[in-house]
Ligand SMILES: Nc1ncnc2c1ncn2[C@@H]1O[C@H](COP(=O)(O)OP(=O)(O)OP(=O)(O)O)[C@@H](O)[C@H]1O
Ligand SMILES: [Mg+2]
C-alpha cells in the first residue's frame with residue numbers, strides 16, 4: 001500500500017510517499033526557515049502563505065521522485081495537529097482534495113505520533129511496551145506506550161520546550177534561526193564542564209523546566225561582561241547543552257526502569273542533537289535498554305513519518321471523516337480517527 005503523507009504543521013512543507021509503512025519512495029521537504037530568520041521565529045501568516053505556494057508543486061515533485069502517477073496512491077495521511085492552525089489547514093485541504101479525487105482512504109495523524117513513527121521507517125514496527133522521549137520545537141514529553149497507539153503521559157515541560165530553549169540560547173549567543181543545529185555544532189568545540197549551569201527540575205518527577213536554565217545563561221553572560229571578560233560562546237553552548245541533555249537522559253532512563261520496559265524510543269527534532277544521542281546511547285547500554293533513534297534527517301518534520309503512522313492506523317481499519325478540521329492543541333492521547341464500521 002502506497003500512502004501519501006502530508007505535513008504542514010509548522011514551517012516545513014513536507015510531502016512523502018511510503019510503501020507499506022516502511023519503504024520511502026519519496027520524502028520532500030521545503031523549508032521556510034529563510035523566510036522566518038529575520039523575525040527570529042516562525043510567523044504564522046508567512047508560514048501559511050508559503051505552504052500554499054509549495055504544497056501542489058511538492059506533491060507533483062514527490063510523484064516524479066517516486067516514479068508514479070497521483071492515481072497510483074492508495075491512501076492519504078495528513079497531520080491534523082498539534083501545530084499552527086493556518087499552516088495545518090493548507091495540508092489538510094490538499095490531502096482531502098487528493099483523497100476525494102482518487103476515492104482512497106483518508107487518515108488524520110497526530111504530528112507527535114508521526115515523530116515516533118520516524119523510528120519505524122528505519123527499524124520496522126516497534127514492540128510495545130516502551131517509553132518514548134519526545135523532544136522537539138514545541139514539546140518535551142515522556143510517554144509510556146503499553147500497546148499500539150495508546151499513550152500515557154508521564155511528564156512534560158512546565159515552561160519552554162527543549163527546541164525552543166536551544167533556539168533562544170542560540171540567538172542570545174549570536175547564532176541564526178533555528179539555532180539548535182548551530183548550537184550543537186558550536187558545542188563540539190567547547191568544554192561542557194566550563195560552566196556549571198543548574199540541572200533544572202531534576203527532582204520534579206518526570207516534568208521538565210528550562211526557563212531557569214535559560215535565565216542562568218543570560219545572567220552568566222551579563223556577569224562576565226560586567227567584569228570585562230568576554231565569555232567563550234563555544235563553552236556556553238557546550239555547558240548549556242550538557243545541562244539540558246543530562247536531565248533528559250536521567251529522567252528517560254528512570255521512567256523506563258519505573259515502567260519496567262525494555263525499550264526506549266526517541267522522537268522529535270531535538271533528537272538530532274549529537275550529545276543527546278551519544279549520552280542516551282551510553283546510558284541505555286549501561287542499563288541494558290534497547291534504544292531506538294531515527295537518523296538525524298528523519299528527526300525533524302517530514303512527510304514520511306506521517307505516511308508511516310497513517311499506514312499502521314489504516315491497517316487497523318481506522319479512517320478519518322472528511323469534515324475533520326485542524327486541531328492546534330491536539331494532545332498525543334486524543335484519537336484522530338475512527339474505526340471503519342465495515
Ligand atoms: N542538533 C540539534 N540540536 C538541538 N536542537 C536541534 C537540533 N536539530 C534540530 N533542533 C531543534 O529541533 C526543533 C525542530 O524540531 P521539530 O521540527 O520537531 O519541531 P516542530 O515540529 O517545530 O515542533 P513540534 O514537533 O513540537 O510541533 C528546533 O527547535 C531546532 O532548533
Ligand atoms: Mg515536529
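In the numbering used here, the protein residues as written are 1 to 342. For glycine and all other residues, C-beta sits at the position ideal for the given N, C-alpha and C.
Could you check the C-alpha separation between residue 308 and residue 21 for me, to the nearest Å?
Counting only the Cα atoms, residue 21 lies some 4 Å from residue 308.
Shortest alpha-carbon distance to residue 276 belongs to which of 289, 290 and 244?
Taking only the C-alpha atoms, the option nearest residue 276 is 244.
Report yes if the C-beta of residue 270 is less than 7 Å from at least one heavy atom of ligand 1; otherwise report no.
Yes, since a heavy atom of ligand 1 falls inside the 7 Å radius drawn around the Cβ of residue 270.
Determine the DSSP secondary structure at residue 229, reduced to helix, strand or coil.
For residue 229, the secondary structure class from DSSP, reduced to helix, strand or coil, is coil.
Taking the CB atoms as reference points, tell me whether residue 155 and residue 205 lie closer together than 8 Å.
Yes, the pair counts as a contact, with Cβ atoms nearer than the cut-off.
Which of the three DSSP states, helix, strand or coil, is assigned to residue 306?
Residue 306 falls in the helix class under three-state DSSP.
Quick one: what's got a C-beta closer than 7 Å to residue 74's C-beta in the same chain, skipping five residues either side?
Within the same chain, 1, 2, 3 and 104 come within 7 Å of residue 74 by CB-CB distance, once the 5 residues on both sides are set aside.
According to the Cβ coordinates, are residue 130 and residue 145 closer than 8 Å?
Contact flag set, yes.
According to the neighbour-count rule (16 or more other Cβ atoms, all chains shown, within 10 Å of its Cβ), is residue 197 buried or exposed?
It counts as buried.
Spell out the partners DSSP gives residue 156 in its beta bridges.
For residue 156, which the question treats as bridged, DSSP gives the partners 141.
Sequence ranges, alpha helix (DSSP H) only - wholly within the stretch 169-217, length at least 4:
Runs of alpha helix (DSSP H) with 4 or more residues, each lying fully within the stretch 169-217, are found at 180-187, listed in chain order.
Run the proximity test for residue 301: is its beta-carbon closer than 7 Å to any non-hydrogen atom belonging to ligand 2?
Taking 7 Å as the cut-off, the C-beta of residue 301 counts as close to a heavy atom of ligand 2.
Alpha carbon to alpha carbon, how far is residue 284 from residue 134? Give it in angstroms, no decimals.
Roughly 16 Å separates the two Cα atoms.
Using alpha carbons as the reference points, say which of 268, 14, 142 and 50 lies closest to residue 259.
With respect to the C-alpha of residue 259, the residue from 268, 14, 142 and 50 having the closest C-alpha is 142.
Please determine whether the Cβ atom of residue 54 lies at a distance below 7 Å from any heavy atom of ligand 3.
For ligand 3, the structure offers nothing, since it holds only ligand 1 and ligand 2.
Does DSSP classify residue 128 as helix, strand or coil?
In this structure, residue 128 counts as coil in the three-state DSSP scheme.
Are residue 328 and residue 81 closer than 8 Å when you measure CB to CB?
The answer is yes: Cβ separation under 8 Å.
Is it a yes or a no for the stretch 277-296 touching the stretch 88-96, going by three-plus beta-carbon pairs under 8 Å?
No, the stretch 277-296 does not touch the stretch 88-96.
Can you tell me whether residue 56 is buried or exposed, with buried defined as 16 or more other CB within 10 angstroms of its CB?
A residue is called buried when at least 16 other Cβ atoms come within 10 angstroms of its Cβ; residue 56 does not meet this threshold and is exposed.
Just how far apart, CA to CA, sit residue 116 and residue 165?
Straight through space, the alpha carbons of residue 165 and residue 116 are spaced by roughly 21 Å.
Since I believe residue 334 is in contact with residue 85 (beta carbons under 8 Å), could you give me their beta-carbon distance rounded to a whole number of angstroms?
The pair is not a contact, with the Cβ atoms about 16 Å apart (cut-off 8 Å).
Count the other CB atoms within 10 Å of the CB of residue 214; is the residue buried (16 or more) or exposed (fewer)?
Looking at its Cβ environment, which holds 16 or more other Cβ atoms inside 10 Å, residue 214 is buried.
Residue 37: CB within 7 Å of a non-hydrogen atom of ligand 1
No.
Indicate, with yes or no, if ligand 1 has a heavy atom lying under 7 Å from the CB of residue 164.
Within the cutoff, so yes.
Less than 6 Å between C-beta atoms, sequence neighbours within five positions excluded: which residues of the same chain meet that for residue 59?
Within the same chain, and ignoring the five residues on either side of residue 59 in sequence, the residues whose Cβ sits closer than 6 Å to its Cβ are 15.
Can you round the beta-carbon distance between residue 110 and residue 336 to whole angstroms, since I take them to be within the 8 Å contact cut?
Contact holds; Cβ gap of about 5 Å.
Are the CB atoms of residue 250 and residue 292 nearer to each other than 8 Å?
Residue 292 sits away from residue 250, with the two beta carbons spaced by 8 Å or more.
With residue 70 and residue 61 assumed to form a contact (beta carbons below 8 Å), what rounded beta-carbon distance in angstroms separates them?
Cβ atoms of residue 70 and residue 61 stay farther apart than 8 Å, at about 12 Å.
Nearest CA to the CA of residue 13: which residue from 38, 79 and 23?
Of the listed residues, the one whose Cα sits closest to residue 13 is 79.
Should residue 96 go down as buried or exposed, given a rule of 16 or more other Cβ atoms within 10 Å for buried?
Flag for residue 96 reads buried.
Any non-hydrogen atom of ligand 1 within 7 Å of residue 160 CB:
No, the beta carbon of residue 160 sits no closer than 7 Å to any heavy atom of ligand 1.
If I'm right that residue 317 touches residue 107 with Cβ under 8 Å, what's the distance once you round it to whole angstroms?
Here residue 317 is actually not in contact with residue 107; their C-beta atoms are around 11 Å apart, not less than 8 Å.
Using alpha carbons as the reference points, say which of 162, 83, 6 and 330 lies closest to residue 247.
Residue 162 is the option with its Cα nearest to residue 247.
How about residue 184 and residue 278: do their beta carbons lie closer than 8 Å?
A distance of 8 Å or more separates the beta carbons of residue 184 and residue 278.
Could you give the uninterrupted runs of the beta strand (DSSP E) lying entirely in the stretch 228-307, keeping only those of 3 residues or more?
Counting only unbroken stretches of 3 or more residues, the beta strand (DSSP E) elements lying wholly within the stretch 228-307 are 263-267 and 290-292, in sequence order.
According to DSSP, which residues form a beta bridge with residue 5?
In the DSSP output, where bridge partners are listed per residue, residue 5 has 16 and 77.
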